[in-house]
Structure formats: structure tokens, C-alpha cells
Amino acid sequence: VEEGKKQRDPVTEYSEQPWETQLSERRLRLILAGRTGVGKSATGNSILGHRLFPSRLAATPVTRSCALGSRSWAGWRVEVTDTPDLFTAQGRRADPDCTERASCYLLSAPGPHALLLVTQLGRFTAQDEEAARGVRELFGAGVLARAVLVFTRREDLEGGSLHDYVRATDNRALRALVAECGGRVCALDNRAAGAERDAQVGELLALVERLALEHDGAPFTDDVYGLAWARRHARPEDTLRLVAARLAARGLGRGWGPQWGRGRRWVEAARRGWPLALLLLGGALLLVLLLLQRGAPGPD
Ligand SMILES: Nc1nc2c(ncn2[C@@H]2O[C@H](COP(=O)(O)OP(=O)(O)OP(=O)(O)O)[C@@H](O)[C@H]2O)c(=O)[nH]1
Ligand SMILES: [Mg+2]
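See below:
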């Protein structure tokens with residue numbers, strides 16, 4: 001393996017520098033997220049420029065645990081964390097003690113410069129919405145300020161523009177997510193090779209670079225990343241256990257997510273439905289007023 005898939009060793013990986021100085025280190029850390037089968041691992045391989053992460057068509061999830069790969073690009077050290085489905089209800093059920101989510105934190109500590117939310121062109125489903133919700137639940141809604149929506153199967157655009165596609169879609173959930181991601185979208189054909197692949201990946205990494213520079217090179221971070229960073233010299237297996245316990249204490253373990261998801265879905269449905277509800281209420285009020293007026297004794 002040229003570019004080493006590794007379990008990060010916090011002892012050798014970092015010097016004493018605080019993450020404010022990351023710009024001078026010229027590192028870009030990325031996390032791949034999304035529902036199972038959308039092409040997260042394939043996207044990771046395109047970014048790395050070689051096949052590191054297992055990726056194939058399958059009826060069951062292919063990636064079972066988080067993994068890290070890296071490459072150099074335009075003077076940057078680009079590090080990519082591939083993930084299994086950690087974000088839908090199904091994925092959370094497979095990680096009841098939060099160990100896999102803790103592993104994602106450790107591999108991407110002290111925090112990602114960009115979160116790549118992967119979806120398939122033309123197939124933005126309820127499960128994609130669920131994955132986006134799961135991302136907000138794990139990292140907090142603020143992470144979407146660092147998100148790029150990556151569409152796989154770019155070839156299905158048949159030369160058309162992604163921005164036109166996104167603007168024209170009647171999928172409201174997709175349009176809302178694009179807006180939440182600050183309009184940062186990108187399309188990849190992970191079957192492309194050579195110069196074509198390099199050009200597509202260059203587009204994506206230029207977007208990520210711009211995003212990182214907008215934040216002066218500082219990564220997204222939260223209290224859990226803070227914990228992982230503070231323990232960078234401790235034994236990784238102890239840190240993993242501690243971070244998993246912190247996440248579980250937040251209620252991210254078994255049995256919590258789906259109910260929350262259902263509640264959120266209800267609130268979202270209610271929000272979408274309120275103009276109609278107001279109209280109906282107004283109509284009913286008018287009817288009552290009319291009936292009252294009719295029933296009232298006339299002037300005589
Ligand atoms: N045609 C086409 N196929 C793609 C593209 N991206 C991914 N695929 C295919 O989609 C299938 C699933 O890709 P994976 O990379 O394994 O998807 P994943 O999201 O990592 O899936 P899990 O690890 O199971 O969560 C594979 O057969 C890929 O070759 C693309 O841009 N175009
Ligand atoms: Mg995968």
C-alpha cells in the first residue's frame with residue numbers, strides 16, 4: 001500500500017502545535033458520510049487516486065469500519081476518512097456502543113476541514129435525508145457550514161450542468177440541504193480514470209481548499225474532538241473507549257436515534273403543512289362567523 005491505510009497513532013501523528021497553526025501544516029482532512037451504497041468509498045478512492053477502500057455493488061453494506069487514506073495534492077496533505085453508514089437509524093443500530101463513531105472522531109482528529117455528504121445523482125431518498133439528520137445529530141448542525149454535497153454518477157448528467165440540475169429539481173428536501181450546505185455541490189463519475197478523474201477531483205478539492213481558507217485553515221471542532229486532541233499522547237484504545245462513552249452519554253447509542261428521528265420528521269411535516277392549516281382555520285372561522293350572524297336576531 002503506497003499511501004498507507006492506518007489506524008492513526010496520536011503519539012506519532014501530531015506535534016505539540018495547536019490546531020490554529022494547521023494552515024502552515026497544509027493539511028486538509030475530509031470525512032465521507034452518507035447512506036450505504038451511494039459511493040462513499042468509490043469517492044474516497046477517486047480522491048486518493050488509487051483503490052484503497054473496498055467499493056462494490058452489494059445488497060448489504062460493504063464498508064464495515066472507518067478507515068483513513070492520504071495523498072498529496074497541490075502542496076496539501078489530503079487525508080480522507082471513509083465511514084460505514086453511521087448516520088441512518090440502521091447504521092446507528094449497528095453501532096450501539098458508539099465505538100465506530102468514536103473511531104471516526106479519532107481518525108479525523110483534531111477535526112475535519114470538510115465533510116463530504118455523498119449522495120447519488122437523481123436518487124436523493126428519505127434515507128439520504130436521514131443520513132443528513134444523523135450527521136447533524138453526531139457533530140451538531142454547525143458542521144453543515146463545512147459540508148460539501150457530492151453527487152456520484154456524474155455521467156448521468158450527460159454533460160449537463162449540476163447547478164442547473166440542483167436548481168430545477170422538485171425535490172424540496174434536496175433543495176433545502178443544498179441551501180444548508182451553502183450551495184457547495186460537486187459531481188463525480190467514480191468510473192472515470194486518468195486525466196478525466198484528476199480534473200473532477202481537482203474541482204472537488206479546490207472547493208474544499210476554498211472552504212478551508214475561508215476558515216483560515218482551522219478545522220471544524222467540538223468538545224469530542226477536543227477530548228480526542230487532549231488525549232493525543234494517551235493509548236489510542238483508551239481514548240477510543242472514552243470518546244465512545246462520551247458519545248453514548250449524549251444519548252447517541254442504541255434506541256435513541258429512531259424515536260428522535262420520528263419526532264423530528266413530525267415537526268418537519270408540521271412546518272411544511274402550516275400554511276394549509278392556517279388557511280383551513282381561517283375558513284372555519286369565517287364559516288362560524290357567518291353562521292353566528294345568521295342565527296342572531298335581525299333588527300326589527
Ligand atoms: N456508474 C457509477 N457507479 C458508481 C459511482 N460511484 C460509485 N459507484 C458504484 O456504486 C457502488 C457502491 O459504491 P461504494 O463505494 O461501495 O458505496 P459506499 O457508499 O461506500 O457503500 P457502503 O460501504 O456499503 O456504505 C459500486 O458498485 C460503485 O462502483 C459513479 O460515479 N458512477
Ligand atoms: Mg463504503
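Numbering (the UniProt record's numbering), first residue to last: 1 to 300.
Note that the Cβ used here is the ideal one computed from N, Cα and C, for glycine as well.
Since the structure is predicted, the reported quantities are computational estimates derived from the model, not experimental observations.
In the DSSP assignment, ILE31 is bridged to THR81 and LEU115. In the DSSP assignment, SER72 falls within the beta strand (DSSP E) that extends over 67 to 73.
Excluding its 5 nearest sequence neighbours in each direction, THR169 has C-beta neighbours in its own chain below 7 Å: ARG175, listed in chain order. In the three-state scheme derived from DSSP, where H, G and I count as helix and E and B as strand, PHE53 is classed as coil. For CYS186, the enclosing beta strand (DSSP E) stretches over residues 185 to 188. The C-beta of LEU32 has 16 or more other C-beta atoms within 10 Å across all chains shown, which makes the residue buried. Residues of the same chain with a CB within less than 7 Å of the CB of ALA245, apart from the 5 flanking positions on each side, do not exist. For GLN120, DSSP records a beta bridge to THR152. Here the distance from the Cβ of SER55 to the nearest heavy atom of ligand 1 is below 7 Å. With at least 16 other beta carbons inside 10 angstroms of its own, TRP73 counts as buried.
GLU214 and ARG235 have their C-alpha atoms roughly 34 Å apart. Where HIS233 is concerned, there is no enclosing alpha helix (DSSP H), because DSSP gives it neither an H nor an E.
For PHE139, the uninterrupted alpha helix (DSSP H) segment begins and ends at 126 to 139.
A direct Cα-Cα distance of roughly 10 Å separates LEU68 from SER103.
For VAL62, the distance from the CB to the nearest heavy atom of ligand 1 is below 7 Å. Contact between the region 37 to 44 and the region 145 to 165 is present: three or more C-beta pairs spanning the two stretches fall below 8 Å. Residue pairing by DSSP leaves TRP274 without any beta bridge partner. Contact between SER65 and GLU100 holds: their C-beta atoms lie close to 6 Å from each other, under 8 Å.
Within the same chain, Cβ atoms closer than 6 Å to the Cβ of GLN127 are found at ARG35 and THR88, the five residues on either side in sequence being excluded. Take GLY75, set aside five residues on each side of it, and the residues of its chain with a beta-carbon closer than 7 Å to its own are ARG26, in chain order. Here the alpha carbons of VAL166 and GLY111 stand approximately 29 Å from one another.
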